[in-house]
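*Asks:* Numbering-wise (my numbering), the sequence shown opens with residue 3 and increments by one. Beta carbons are placed, not taken as given, at the ideal position from N, Cα and C, and that holds for glycine.
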Amino acid sequence: NVGSRTQWNTTYDYIIVGAGTCGSLIAGRLTENPSTTVLLIESGGPASVITDMPVEAWNIETGEFDWGYNTVPQANAAFAFRNRQMVFPRGRVVGGSHTINFNIYNRGNRHDFDYWANYYGLQEWSFENVLPYFQRTENNTNRRYVEAAPNYHSTRGQVEVSSPPNPDPILLKYMEGWNLQGLPYTDVNGPNQLGTTLIQQTITIQNHTRHSTSNAFIVPAIGRNNLHVLVRSHCTRILLRNNTNTNQLEAYGIEFVRNNQTYQVYANQEVILTAGVINTPQVLMLSGIGPRQHLTDLGIPVQVDLPVGQGLQDHLFTPVDYLTTDENLIQYGRDINNVLTVQNLYDYYVNNSGPITQVPIVMAFHSSKLNDVPDWPDGIMATLINRIPENVTTITGYFQDPDAWAEYFQPMAGDPRHFFVLYAFTLTRSRGSVRLQSRNPFDAPLIDPNYYGDLHDLAVVVDTMSAGMEMMEQPFFRQYARIYPRSIPGCQFCPDKPYYKCYTYLACHAQTLTLTAFHPTSSCRMGNSSDTGACVDEHLRVRGVNNLRVIDASIMPKIVNANTNAATMMIAERGVDFIQQDAR
Ligand SMILES: Cc1cc2nc3c(=O)[nH]c(=O)nc-3n(C[C@H](O)[C@H](O)[C@H](O)COP(=O)(O)OP(=O)(O)OC[C@H]3O[C@@H](n4cnc5c(N)ncnc54)[C@H](O)[C@@H]3O)c2cc1C
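See the structure below:
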């Protein structure tokens, strides 16, 4: 039903561009009022039973539900990959990136939001002020967490947040190992983030389906007469005009392409851009809102000179391979390439069990030696279970030297004892950009996260790797798992030190084998009236243009020290209030 609409009106109160995490939530909320009309327009198609299965997150991050983007070549990262370019998945589907993500629900630290408030002068976004908006969406089914920290959680929101019911034993041992080193068990969304946790996810507990904002807000609302959802409809620009009464620029609609035809639709109230960190800047720049020089170089008439696309941030994962000492420490073999068997589908649909139901992940938050605010962790370690495929050439295609990497992976191929730890810095200092490649709205933008552009990020990840690896070398954890004992191609262990104290090796590993953590933010950031680096104000209104707002992950002034989806839902909830306050 979500994808079936073929007719639409000429005018709506609100036009929302992009049915992702934010667009879906906002459209659902605004149309709770039956007299408010909304058009939600999405470039991709509808979600499917496949995207609803938690385990399929492994298989859908690239492919038909993804934009197929790559970064531009990276100077300080991605040494393993051809041309130093990295794949950069983004959801192109109803539900957006929340339809292809790992469902991790991890809000970020209280200091993240207090930093927005104090450093950027955005008092309405302090932790105290945003906490109710996290709670507004949350329906937490973990009674233990809710009872332990009732002021932090809610059981009344639309999006279900649950703990994986059946984690693999190795994950529990990993947490125990950290616990023995003094890192407490914690609920990262409660008062203390520093610790180790079996991460909560936006998955329903009754039937283990992805609870994206589109499943939570759009699917139940699709029958509303005041909500029109148009899929496979690509917004090419915002319609702007000078209002002769106010003598100010305003948005009055959008242009979009559907089935190779170009259409215009109009908004009585506002156009709301929720196209995400890459495409929101793209649509703005195509409409003449962006850096003057860049637009001029491309021959786009400048409507407003704004630093759109500047300041992009992300987290970067460095995977390290491990093998358990005993196959029984991992369940189901975790062979994600062959998971949709008749037996597994039967267990999923009939018994509500089996490997399709979950992707359990354990995280440890770490405060590095470089960090001067210890309860604002700057490092993260995420432990996940996934086999290396039997045919390793299926994963070495992007590598600069596929043969060397095939040789590296081959001894682990198909081994059911395989798992890995992803090491990352979280308080990113590097900033990059999103720019247009051309004036063609269907051309991929140029994405430059500028990973390790600030070498502080590298120092933090090296410290995090060292600490995490040292914990895993302690007698307790060595009973259960061992690191895969080979150096990665292009990097050498030190002859005179344990590998986890060999900082040259760790830095080389961190710069060579790099994966986006899928957390881009801040490409159209918010700021107060004196902040010349900002594109939108504290209420998310685009500067210099009336009736135009950006409400998505691009507005974060600085990335949060966590996965970004929960904070993005919070931004959407906050945005809904601003829209309603300003309704004429
Ligand atoms: C593979 C992957 C795994 C991730 N894992 C996690 C996780 O486990 N936990 C977590 O917290 N975060 C995770 N993230 C990040 C998180 O999902 C994002 O931060 C969040 O979804 C961003 O929401 P958004 O509303 O800003 O943009 P999106 O959800 O990306 O929505 C943007 C939407 O706009 C549409 N669109 C774009 N351009 C146009 C156009 N011109 N016309 C019409 N429509 C358009 C897109 O197709 C998309 O549907 C992951 C992301 C990815 C990609």
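DSSP three-state label for Gln-137, please.
*Replies:* Working through the sequence shown from its first residue, we reach residue 137 at position 135. Helix at Gln-137.
*Asks:* Going by the C-beta, is Ser-524 closer than 7 angstroms to any heavy atom of ligand 1?
*Replies:* One-based indexing of the sequence shown puts residue 524 at position 522. No, the Cβ of Ser-524 stays beyond 7 angstroms of every heavy atom of ligand 1.
*Asks:* Using a Cβ distance threshold of 8 angstroms, determine whether the region 463-476 contacts the region 379-397, with at least three qualifying pairs required.
*Replies:* yes
*Asks:* List, from N- to C-terminal side, the beta strand (DSSP E) runs of 3 residues or more that fit wholly inside the region 61-129.
*Replies:* none
*Asks:* Out of curiosity, what's the CA-to-CA distance linking Asp-465 and Asn-567?
*Replies:* Working through the sequence shown from its first residue, we reach residue 465 at position 463. Working through the sequence shown from its first residue, we reach residue 567 at position 565. Distance between the alpha carbons of Asp-465 and Asn-567: 26 angstroms.
*Asks:* Residue range of the beta strand (DSSP E) that Cys-537 falls in?
*Replies:* Position 535 of the sequence shown, counting from 1, holds the residue named residue 537. Per DSSP, Cys-537 belongs to no beta strand (DSSP E) and is neither H nor E.
*Asks:* Give the list of continuous beta strand (DSSP E) stretches no shorter than 3 residues that lie fully inside the region 352-410.
*Replies:* 364-368 and 381-387
*Asks:* Could you give the C-beta distance for Ile-387 and Phe-421, rounded to a whole number, given that I count them as a contact under 8 angstroms?
*Replies:* Within the sequence shown, residue 387 is the residue found at index 385, counting from 1. Within the sequence shown, residue 421 is the residue found at index 419, counting from 1. Contact flag correct, Cβ pair sits at about 4 angstroms.
*Asks:* Phe-520: beta carbon under 7 angstroms from a heavy atom of ligand 1?
*Replies:* Numbered from its first residue, the sequence shown carries residue 520 at position 518. Under cutoff, so the answer is yes.
*Asks:* Under the criterion of a Cβ to heavy atom distance below 7 angstroms, does Ser-435 qualify as lining ligand 1?
*Replies:* Position 433 of the sequence shown, counting from 1, holds the residue named residue 435. Outside the cutoff, so no.
*Asks:* For the putative contact between Met-571 and Thr-143, defined by C-beta atoms under 8 angstroms, what is the C-beta separation to the nearest angstrom?
*Replies:* For the purposes of this step, residue 571 is identified with residue 569 of the sequence shown, where counting begins at 1. For the purposes of this step, residue 143 is identified with residue 141 of the sequence shown, where counting begins at 1. About 17 angstroms separates the CB atoms of Met-571 and Thr-143; that is not less than 8 angstroms, and the two are not in contact.
*Asks:* Is it buried or exposed, Phe-444, if we count other Cβ atoms within 10 angstroms and call 16 or more buried?
*Replies:* Counted from its first residue, the sequence shown places residue 444 at position 442. With fewer than 16 other Cβ atoms inside 10 Å of its own Cβ, Phe-444 counts as exposed.
*Asks:* On the DSSP letters alone, give me the boundaries of the alpha helix (DSSP H) that His-420 sits inside.
*Replies:* Here residue 420 corresponds to residue number 418 of the sequence shown, with the count starting at 1. It is not in any alpha helix (DSSP H) - His-420 instead sits in the beta strand (DSSP E) that spans 420-427.
*Asks:* Sorry if obvious, but does the Cβ on Ile-220 come closer than 7 angstroms to a heavy atom of ligand 1?
*Replies:* In the sequence shown, residue 220 corresponds to position 218, counting from 1. Not under cutoff, so the answer is no.
*Asks:* Closest by CA to Gln-266, which one among Glu-257, Val-273, Glu-272 and Ile-274?
*Replies:* Position 264 of the sequence shown, counted from the start, is the residue given in the question as residue 266. Nearest neighbour of Gln-266 by Cα position, chosen from Glu-257, Val-273, Glu-272 and Ile-274, turns out to be Glu-257.
*Asks:* If you drop the 5 nearest sequence neighbours on each side, which residues of the same chain put their C-beta closer than 6 angstroms to that of Val-132?
*Replies:* On the sequence shown, position 130 is the one that residue 132 refers to. Taken in chain order, the residues that qualify are Phe-115 and Met-572.
*Asks:* How about Gln-160 and Phe-219: do their beta carbons lie closer than 8 angstroms?
*Replies:* Locating residue 160 in the sequence shown gives position 158, counting from the first residue. Locating residue 219 in the sequence shown gives position 217, counting from the first residue. The answer is yes: Cβ separation under 8 angstroms.
*Asks:* With contact counted as at least three CB pairs below 8 angstroms, one residue from each stretch, are the region 517-537 and the region 308-326 in contact?
*Replies:* yes
*Asks:* Looking at C-alpha atoms only, which residue of Pro-167, Gln-284, Thr-188 and Leu-372 is the closest neighbour of Gln-208?
*Replies:* On the sequence shown, residue 208 is found 206 positions in, with the first residue counted as 1. Of Pro-167, Gln-284, Thr-188 and Leu-372, the residue nearest in Cα terms is Pro-167.
*Asks:* Name the residue from Ser-37, Pro-500, Val-364 and Gln-284 whose alpha carbon lies nearest to the alpha carbon of Leu-308.
*Replies:* As a working mapping, residue 308 is identified with position 306 in the sequence shown. It is Gln-284 whose Cα lies nearest to the Cα of Leu-308.
*Asks:* Answer yes or no: the CB of Asn-330 versus the heavy atoms of ligand 2, is any distance below 7 angstroms?
*Replies:* Absent from the structure shown: ligand 2. Ligands present: ligand 1.
*Asks:* Can we count Gly-46 as close to ligand 1, meaning its CB is less than 7 angstroms from some heavy atom?
*Replies:* In the sequence shown, residue 46 corresponds to position 44, counting from 1. Flag set: Cβ of Gly-46 near ligand 1.
*Asks:* Which residues does DSSP pair with Asp-450 in a beta bridge?
*Replies:* As a first step, residue 450 must be located in the sequence shown, where it is residue number 448. The partner list for Asp-450 (beta bridge, DSSP) reads Ser-435.
*Asks:* Say yes only if the C-beta of Glu-63 is nearer than 7 angstroms to one or more non-hydrogen atoms of ligand 1, and no if none qualify.
*Replies:* In the sequence shown, counting from the first residue as 1, residue 63 sits at position 61. Result yes, Cβ under 7 angstroms from ligand 1.
*Asks:* So Arg-419 and Leu-550 are supposed to be a Cβ contact under 8 angstroms. How far apart are they, rounded?
*Replies:* Within the sequence shown, numbered from 1, the residue matching residue 419 stands at position 417. Within the sequence shown, numbered from 1, the residue matching residue 550 stands at position 548. So it is not a contact: roughly 53 angstroms between Cβ atoms.
*Asks:* Can you tell which of Thr-298, Leu-232 and Ile-302 has the C-alpha that lies nearest to the C-alpha of Gly-46?
*Replies:* As a working mapping, residue 46 is identified with position 44 in the sequence shown. Nearest option by C-alpha distance: Leu-232.
*Asks:* Run the proximity test for Pro-91: is its beta-carbon closer than 7 angstroms to any non-hydrogen atom belonging to ligand 1?
*Replies:* Translated into the one-based positions of the sequence shown, residue 91 becomes position 89. For Pro-91, the distance from the CB to the nearest heavy atom of ligand 1 is below 7 angstroms.
*Asks:* Alpha carbon to alpha carbon, what distance is there between Ile-28 and Val-341?
*Replies:* For the purposes of this step, residue 341 is identified with residue 339 of the sequence shown, where counting begins at 1. For the purposes of this step, residue 28 is identified with residue 26 of the sequence shown, where counting begins at 1. The C-alpha of Val-341 lies about 34 angstroms from the C-alpha of Ile-28.
*Asks:* Quick one: grab the DSSP three-state call for His-511.
*Replies:* In the sequence shown, counting from the first residue as 1, residue 511 sits at position 509. DSSP places His-511 in helix when its eight states are reduced to three.
*Asks:* Nearest to Leu-515 by alpha carbon, out of Ile-557, Val-547, Phe-411 and Val-163?
*Replies:* To locate residue 515, count along the sequence shown from 1; it is residue 513. The option with the nearest alpha carbon to Leu-515 is Phe-411.
*Asks:* What number of angstroms, rounded off, separates the C-alpha of Thr-157 from the C-alpha of Asp-189?
*Replies:* As a first step, residue 157 is located in the sequence shown; it is residue number 155 there, counting from the start. As a first step, residue 189 is located in the sequence shown; it is residue number 187 there, counting from the start. About 16 angstroms.
*Asks:* Is Ile-397 near ligand 1 - that is, is its Cβ less than 7 angstroms away from at least one heavy atom of it?
*Replies:* Here residue 397 refers to the residue found at position 395 when the sequence shown is read from its first residue. Every heavy atom of ligand 1 is 7 angstroms or more from the Cβ of Ile-397, so no.
*Asks:* Assess contact between the region 90-109 and the region 14-27, defined as three or more Cβ pairs (one per stretch) separated by less than 8 angstroms. Is contact present?
*Replies:* yes
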